[in-house]
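Asker: The structure follows.
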Amino acid sequence: MTNGHSAVVTGLGAWLPPRIVSNDELSERLDTSDEWIRTRTGIRERRIADPDTSTVDMAVHAGGNALRSAGSDVVDALVLATATPDHLCPASAPQVAAALGLSGIPAFDVNAVCSGFVYALATAGGLIAGGTAERVLVIGADAFSRYCDPADRSTVPIFGDGAGAVVLRAGSAEEPGALGPFDLHSQGELADLLIVPAGGAKRRASDDPHDHYVTMQGTTVFRHACARMAESAKAVLERAGLEVGEVDRFVGHQANLRILLATAKQLGLPEERVVVNIGHTGNTSAASIPLALADACADGSLLPGHRVLLTAFGAGLTWGSTVLTWPDVKPGQAD
Ligand code: COA
């Protein structure tokens, strides 16, 4: 029975591949150093999926953990945020659903790259608001290590692999966990700033692997990220009728510690309210916000009742935000 049209967080799950790659390990094969990576990005290490572990596999682990956290494996839709699906065609979400024993439910991918999780939350919220679904599993999973040129010091140190997920259920807007308003944007004229050039309908797959690696104009992306994340955070707070001072935790997309701190500074938000886990994850793209939520719950820095601001920015360009009061939900774990 539908008891409301707001989407309420009722489960949380995360999964990281076991293999840890430290900055020192990267420095052995790239012209870089632990000192440069740490001071320019805040990253100490990242997790890299082994060749047998795909985006679908990571999504299944995180999704299963979120269902355990929710205390029920009943969901009637699955939305997977990813820019690194197992195949260009078909989408990965149906395979994730099937592996979780959910074959038959609607399941589809959302690609807004590093903003994907916020976009997927909005999409799932729409399914609930329209009465199409009452419980939705929303997963963010990416394996950008697969798209990095192993010789490119401007991308390899930045990206890590992983997956995170939440379960949303229909409920009331006044409940803890209810997603507030959204602020979502895109700017496609800046698509070239972070792009995998070939392998799509615009430019077919080529024999040159360089055509299939992610390329990034880092400094320009950095500037856009700082400006757009602060704008979006302000816009969503205004829409929700909240002041910056009422935000207890800022959970921003973990692309670079300096982007998170610059955004917080522009907002006038004290640093201690900024959730940071990039040090051990790197930039996990669509997985980064649920992974940060799970880490903050696990270390006790995110507590039930905290007002949380979620803000993401990614290739596309895309960006967006939402707000919620954190419910009494902890990350689920496999036995
Ligand atoms: N190790 C050592 N030196 C490096 C390096 C590395 N891994 N990568 C770049 N450098 C060098 C550059 O060659 C440059 O040298 P130069 O001054 O002699 O030309 C210098 O360091 C500064 O490079 P620059 O690219 O200007 O650094 P930056 O301060 O912009 O930091 C990023 C680079 C990638 C960390 C930063 O731009 C960034 O985080 N961008 C946003 C990335 C992002 O968010 N991507 C995903 C979007 S969601």
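Position 173 of the sequence shown, counting from 1, maps to 173 under the UniProt record's numbering, and the rest follow consecutively. Quick reminder that beta carbons are idealized off the backbone N, C-alpha and C, glycines included. Predicted, not measured: the structure shown is a model, and the values here were computed from it.
(1) What whole-angstrom Cβ distance do ALA226 and ALA191 have, given they're in contact under 8 Å?
(2) Give the range of the beta strand (DSSP E) segment to which LEU168 is assigned.
(3) Check MET1 in the structure and name its three-state DSSP category.
(4) What did DSSP end up calling TRP15 once you bin it into helix, strand or coil?
(5) Rounding to the nearest angstrom, what Cα-Cα distance links ALA264 and ASP207 in this structure?
(6) Which complete beta strand (DSSP E) runs does the region 50-116 hold, if anything under 3 residues is left out?
(7) So, using beta-carbon positions, are SER186 and THR311 closer together than 8 Å?
(8) Mapping the DSSP letters down to three states, classify residue 352 as helix, strand or coil.
(9) At a cut-off of 7 Å, would you count LEU194 as near ligand 1, judging by its Cβ distance to the nearest heavy atom?
(10) Between the beta-carbon of LEU324 and the beta-carbon of VAL9, is there less than 8 Å?
(11) Measure the Cβ-Cβ separation of LEU293 and THR284 and say whether it is below 8 Å.
(12) Looking only at C-alpha atoms, which of ALA112, ILE48, GLY177 sits nearest to VAL308?
(13) Output the distance between the C-alpha atoms of PRO327 and GLY305, rounded to the nearest integer angstrom.
(14) Rank GLU272, PRO90, ALA143, HIS210 by C-alpha distance to the C-alpha of ASP149 and give the top, closest one.
(15) By Cβ distance below 6 Å, which residues in the same chain neighbour VAL167 in space, the five residues on each side in sequence not counted?
(16) Just tell me which of GLU246, GLU243, ARG239 has its CA closest to the CA of LEU184.
(17) May I ask you to report which of helix, strand or coil DSSP gives ASN283?
(18) State the DSSP-derived secondary structure class of PRO331, mapped to helix, strand or coil.
(19) For ligand 1, is there any heavy atom lying closer than 7 Å to the beta carbon of PRO157?
(20) Kindly provide the ranges of any beta strand (DSSP E) runs that are 3 or more residues long and lie completely inside the region 181-221, ordered along the chain.
(21) May I have the straight-line CA-CA distance separating PHE159 from ARG46, to the nearest angstrom?
(22) Nearest-angstrom Cα distance between residue 370 and SER22?
(23) Less than 7 Å between the CB of THR84 and some heavy atom of ligand 1, yes or no?
(24) Does the distance from the CB of ALA7 to the CB of ILE128 come in under 8 Å?
(25) Run the proximity test for ILE37: is its beta-carbon closer than 7 Å to any non-hydrogen atom belonging to ligand 1?
Answerer: Taking the geometry as given:
(1) At residue 226 the sequence reads Cys, which differs from the Ala that was named. The Cβ separation is near 19 Å, so there is no contact.
(2) 161-171
(3) The predicted model places MET1 with a pLDDT of 41, which falls under 50 and marks its position as unreliable; any figure quoted below should be read in that light. Looking at MET1 - three-state DSSP - the assignment turns out to be coil, as it is neither helix nor strand.
(4) strand
(5) 44 Å
(6) 77-81, 107-110
(7) no
(8) There is no way to answer for residue 352, as the model of the chain reaches only from 1 to 335.
(9) yes
(10) yes
(11) no
(12) GLY177
(13) 6 Å
(14) HIS210
(15) THR10, GLY11, ALA66, ALA70, LEU137
(16) ARG239
(17) strand
(18) strand
(19) yes
(20) 182-186
(21) 7 Å
(22) Lying outside 1 to 335, the shown extent of the chain, residue 370 is not represented and no answer is given.
(23) no
(24) yes
(25) yes
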